[in-house]
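Participant: Here it is: the structure, laid out below.
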Amino acid sequence: MTTIAAEKNSTLPDLETRLYLNGQWVDAEGAKRFPVENPATGEIIAHVADGSVADAERAIEAAGNAQADWAKIPPRERSEILRRAYELIIERTDELAAIMTAEMGKPLAEARGEVAYGAEFFRWFSEEAVRISGDYSTTGDGKNRILVTRVPVGPCVLVTPWNFPLAMGTRKIGPAIAAGCTMVFKPASQTPLTSLALVQILHEAGLPSGVLNVVTTSSSSKVVGSWMSSGIARKVSFTGSTEVGKILLTQAAENVMRSSMELGGNAPFIVCADADIDRAVEGAMLAKLRNMGEACTAANRFLVHRSVADEFTEKLAARMAALTVGDGSLAGTDIGPMVDAAGRDKVQELVDDAVALGARVVVGGDCPDGPGYFYNPTVLADVSAESLLMSNEIFGPVAPVIPFDDEDDAIRIANDTQWGLVGYLFTQDIDRALRLGDELEVGMVGLNSGLVSNPAAPFGGVKQSGLGREGGRVGIDEFLEHKYLSIPRR
Ligand code: NAP
Numbered sequence: 112m113t114t115i116a117a118e119k120n121s122t123l124p125d126l127e128t129r130l131y132l133n134g135q136w137v138d139a140e141g142a143k144r145f146p147v148e149n150p151a152t153g154e155i156i157a158h159v160a161d162g163s164v165a166d167a168e169r170a171i172e173a174a175g176n177a178q179a180d181w182a183k184i185p186p187r188e189r190s191e192i193l194r195r196a197y198e199l200i201i202e203r204t205d206e207l208a209a210i211m212t213a214e215m216g217k218p219l220a221e222a223r224g225e226v227a228y229g230a231e232f233f234r235w236f237s238e239e240a241v242r243i244s245g246d247y248s249t250t251g252d253g254k255n256r257i258l259v260t261r262v263p264v265g266p267c268v269l270v271t272p273w274n275f276p277l278a279m280g281t282r283k284i285g286p287a288i289a290a291g292c293t294m295v296f297k298p299a300s301q302t303p304l305t306s307l308a309l310v311q312i313l314h315e316a317g318l319p320s321g322v323l324n325v326v327t328t329s330s331s332s333k334v335v336g337s338w339m340s341s342g343i344a345r346k347v348s349f350t351g352s353t354e355v356g357k358i359l360l361t362q363a364a365e366n367v368m369r370s371s372m373e374l375g376g377n378a379p380f381i382v383c384a385d386a387d388i389d390r391a392v393e394g395a396m397l398a399k400l401r402n403m404g405e406a407c408t409a410a411n412r413f414l415v416h417r418s419v420a421d422e423f424t425e426k427l428a429a430r431m432a433a434l435t436v437g438d439g440s441l442a443g444t445d446i447g448p449m450v451d452a453a454g455r456d457k458v459q460e461l462v463d464d465a466v467a468l469g470a471r472v473v474v475g476g477d478c479p480d481g482p483g484y485f486y487n488p489t490v491l492a493d494v495s496a497e498s499l500l501m502s503n504e505i506f507g508p509v510a511p512v513i514p515f516d517d518e519d520d521a522i523r524i525a526n527d528t529q530w531g532l533v534g535y536l537f538t539q540d541i542d543r544a545l546r547l548g549d550e551l552e553v554g555m556v557g558l559n560s561g562l563v564s565n566p567a568a569p570f571g572g573v574k575q576s577g578l579g580r581e582g583g584r585v586g587i588d589e590f591l592e593h594k595y596l597s598i599p600r601r
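Here it is, written out as structure tokens:
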């Protein structure tokens with residue numbers, strides 16, 4: 112077995128680093144591999160299989176061949192595989208968290224939180240697997256019976272980003288298993304190790320051969336492109352940038368594939384004059400700093416009523432200034448590194464642009480010395496609406512505060528974006544909360560709360576933040592088709 116531990120003097124557990132095709136761990140074509148870096152240290156922590164188009168073709172063929180038998184497996188069996196995998200993930204929380212921290216940087220406490228969150232999708236969908244139901248009715252003229260069943264969509268292409276390496280996988284694999292779909296899965300090239308550990312768990316939990324096939328690769332567009340044009344895949348479920356989502360939607364059109372897209376965000380965080388400011392600051396810490404700000408749900412624009420803007424800004428800056436930036440594997444670290452140098456440099460460019468347009472740096476605004484790609488928690492006051500960070504995902508620990516004068520003003524700024532994933536709203540007035548909640552053009556609203564993600568809730572956005580929902584009671588629908596039998600009454 113090729114393991115991480117074999118490659119370096121590592122504290123990480125032994126872990127497969129090959130492709131997983133048709134139930135077997137195999138080398139990539141030509142035994143090619145690519146490196147995985149720890150963003151806190153710049154060290155290479157592993158080399159994983161670099162899948163080719165030929166490997167990808169083997170993967171989609173395996174998924175296609177396994178589909179018919181897998182669809183016939185009783186729901187209870189599918190449910191129990193997910194339940195066993197859930198238990199194994201929880202048992203291995205510390206191992207999984209260590210892998211995640213090493214490959215993408217988040218502090219260990221947050222990585223453990225993601226393990227719990229990610230595992231919960233398996234428990235949730237293990238419960239949903241046995242609740243797939245249909246419908247029965249008669250036609251209006253009484254001459255026909257209408258029997259509606261729910262059937263798996265078919266082989267699915269799953270593509271995930273680096274920022275939540277475990278949860279973005281379980282959020283797709285869970286409902287696909289529950290619905291009876293087979294899969295080809297390409298995790299992000301910067302964080303393949305967590306996904307491979309997850310696949311190992313599903314293998315141990317008894318997932319039959321061919322149901323899940325995993326290709327790690329440094330040639331994402333070629334590998335995924337071959338799946339999209341294969342004619343075998345019936346659905347694509349993607350989480351990542353809007354830019355790549357649009358490419359996949361264009362490719363999906365060629366074969367008229369079902370598509371679920373969880374794309375970028377530009378979340379407004381609105382603090383009204385009547386808000387409980389301490390509670391708003393607490394919510395802001397969560398909405399801004401979860402995952403170092405590298406989250407699609409991260410609060411990107413803090414719209415604060417002018418009468419409370421100074422108080423909110425000062426209190427938030429005091430909390431941000433007290434945080435410890437460092438290697439996420441060390442005790443006491445609150446904020447880990449950005450995922451790479453490009454991510455860190457983009458954050459700096461956005462801050463520099465805002466400052467050039469008149470913003471005031473209340474705290475932070477710069478990077479600590481390397482090694483590692485760290486960025487200091489930052490609060491910017493008096494940010495101009497023209498600043499680039501108003502229309503770009505910051506993806507870093509930077510909170511720009513933009514004062515507003517009335518509700519209409521706040522809603523106009525909040526909705527002035529191509530995205531519509533989530534909005535946060537802090538007010539103690541129930542009428543205002545409901546009114547503004549209605550007017551925000553988003554798929555999710557956090558009311559007096561800085562966190563909306565939960566496996567029991569439908570996660571997803573409107574506008575260019577995506578199509579479809581993951582989690583909740585509707586999450587499984589993305590992987591099912593309605594099939595109708597027309598039966599004459601005789
Ligand atoms: P990304 O660049 O779009 O990459 C996402 C995935 O797509 C990766 O596996 C990537 O592979 C792959 N990919 C890249 N180019 C591709 C292509 N031409 N064809 C097929 N696959 C391709 O996004 P990211 O930087 O990893 O993640 C950050 C983005 O994800 C942000 O925009 C964030 O808002 C969004 N996100 C959304 C949600 C949500 O639920 N709405 C959740 C998390 C993140 P490589 O790794 O090899 O490049």
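In this text, residue positions in the sequence shown follow this note's numbering: the first is 112, and each later residue adds one. Every residue, glycine too, gets a C-beta built ideally from N, C-alpha and C. Since the model is a prediction, treat every value here as computed from it, not as a measurement.
#1: Based on the DSSP secondary-structure assignment, which residues constitute the bridge partners of Lys346?
#2: Which one of Gly577, Glu504, Pro508 has the shortest CA to CA distance from Leu491?
#3: So does Trp136 have its beta carbon nearer than 6 Å to some heavy atom of the ligand NAP?
#4: Gln355: beta carbon under 6 Å from a heavy atom of the ligand NAP?
#5: Which whole runs of the alpha helix (DSSP H) in the stretch 386–459 are 4 residues long or more, in chain order?
#6: For my contact list, Thr408 and Ser576 are in at a C-beta cut-off of 8 Å; report their separation, rounded to the angstrom.
#7: Indicate, with yes or no, if the ligand NAP has a heavy atom lying under 6 Å from the CB of Gly351.
#8: Using the rule of at least 16 other Cβ atoms within 10 Å of the residue's Cβ for burial, across every protein chain shown, is Val259 buried or exposed?
#9: What do you reckon, is the C-beta of Pro272 under 6 Å from a heavy atom of the ligand NAP?
#10: Output the distance between the C-alpha atoms of Ile312 and Val472, rounded to the nearest integer angstrom.
#11: How long is the line joining the alpha carbons of Gly375 and Asn526, rounded to whole angstroms?
#12: Hey, is Ser337 close to the ligand NAP, as in C-beta under 6 Å from one of its heavy atoms?
#13: Can you list, in chain order, the residues of its chain with a C-beta nearer than 6 Å to that of Ala230? Leave out the 5 residues immediately preceding and following it.
#14: Assuming the contact rule is C-beta atoms closer than 8 Å, Met294 and Asn324 should be a hit. Round their C-beta distance to whole Å, please.
#15: How would you call Gln178, buried or exposed, if buried means at least 16 neighbouring beta carbons within 10 angstroms?
#16: Can Ile524 and Leu441 be called in contact, C-beta distance under 7 Å?
#17: Quick one: Cα of Arg53 to Cα of Ala287, how far?
#18: What I want to know is whether the C-beta of Ile284 ends up closer than 6 Å to one or more non-hydrogen atoms of the ligand NAP.
#19: Rounded to whole angstroms, what is the Cα-Cα separation between Asp166 and Pro298?
#20: Can you tell me whether Glu225 is buried or exposed? The criterion is at least 16 other CB atoms within 10 Å of its CB, across all chains shown.
#21: Does Gly548 come out as helix, strand or coil in the three-state DSSP assignment?
#22: Would you say the beta carbon of Ser502 comes nearer than 6 Å to a heavy atom of the ligand NAP?
#23: Tell me which residues share the same chain as Val602 and place their Cβ nearer than 6 Å to its Cβ, disregarding the 5 neighbours each side in the sequence.
#24: Looking only at C-alpha atoms, which of Ala398, Leu551, Ala521, Glu422 sits nearest to Phe506?
#25: Select from Ala364, Met211, Ala173, Ala174 the residue whose C-alpha is nearest the C-alpha of Pro448.
#26: Which one of Leu318, Asn411, Arg144 has the shortest CA to CA distance from Gln301?
#27: Closer than 6 Å to a non-hydrogen atom of the ligand NAP - does that hold for the CB of Cys407?
#28: Below 8 Å on the Cβ atoms is my contact criterion, and I expect Ser190 with Ala289 to pass it. Report the Cβ-Cβ distance as a whole number of Å.
#29: Run the CB neighbour count on Ser337, radius 10 Å, all protein chains shown included, and call it buried at 16 or more, exposed below.
#30: Just to confirm, is the Cβ distance from Pro272 to Gly291 under 7 Å?
#31: Inspect the CB distances between the stretch 537–553 and the stretch 379–392 and report whether three or more fall short of 8 Å.
#32: Can you check the stretch 229–315 for any beta strand (DSSP E) of at least 3 residues that lies completely inside it and give the ranges in chain order?
#33: Could you have a look at Gln539 and say whether DSSP puts it in helix, strand or coil?
#34: Does the beta-carbon distance from Leu359 to Ala395 come in below 7 Å?
#35: Could you say which of Asp421, Lys594, Asp387 lies nearest to Ser560 if we only look at CA atoms?
#36: Given a cut-off of 7 Å on the beta-carbon distance, is the pair Arg234 and Thr204 in contact?
Facilitator: If we stick to the structure as given:
#1: Cys267, Arg369
#2: The residue with the shortest Cα to Cα distance from Leu491 is Pro508.
#3: no
#4: Residue identity check: residue 355 is Val in the sequence provided, not Gln. Yes, the beta carbon of Val355 sits closer than 6 Å to at least one heavy atom of the ligand NAP.
#5: 388–400, 420–432
#6: So it is not a contact: roughly 10 Å between Cβ atoms.
#7: Indeed, a heavy atom of the ligand NAP lies less than 6 Å from the Cβ.
#8: exposed
#9: yes
#10: Cα-Cα distance, rounded: 46 Å.
#11: 15 Å
#12: Every heavy atom of the ligand NAP is 6 Å or more from the Cβ of Ser337, so no.
#13: The answer, listed in chain order, is Tyr197, Ile200, Ile201.
#14: 7 Å
#15: Buried: at least 16 other Cβ atoms inside 10 Å.
#16: no
#17: Since the displayed the chain opens at 112 and closes at 601, residue 53 lies outside it and no answer follows.
#18: no
#19: 15 Å
#20: buried
#21: helix
#22: no
#23: Residue 602 is absent from the structure shown; the chain starts at 112 and stops at 601.
#24: The shortest Cα separation from Phe506 among Ala398, Leu551, Ala521, Glu422 belongs to Ala398.
#25: Met211
#26: Arg144
#27: yes
#28: 7 Å
#29: buried
#30: Not a contact, by the Cβ cut-off of 7 Å.
#31: yes
#32: 246–249, 255–263, 267–270, 294–297
#33: coil
#34: Between Leu359 and Ala395, the C-beta spacing is not below 7 Å.
#35: Nearest of Asp421, Lys594, Asp387 to Ser560, Cα basis: Asp387.
#36: no
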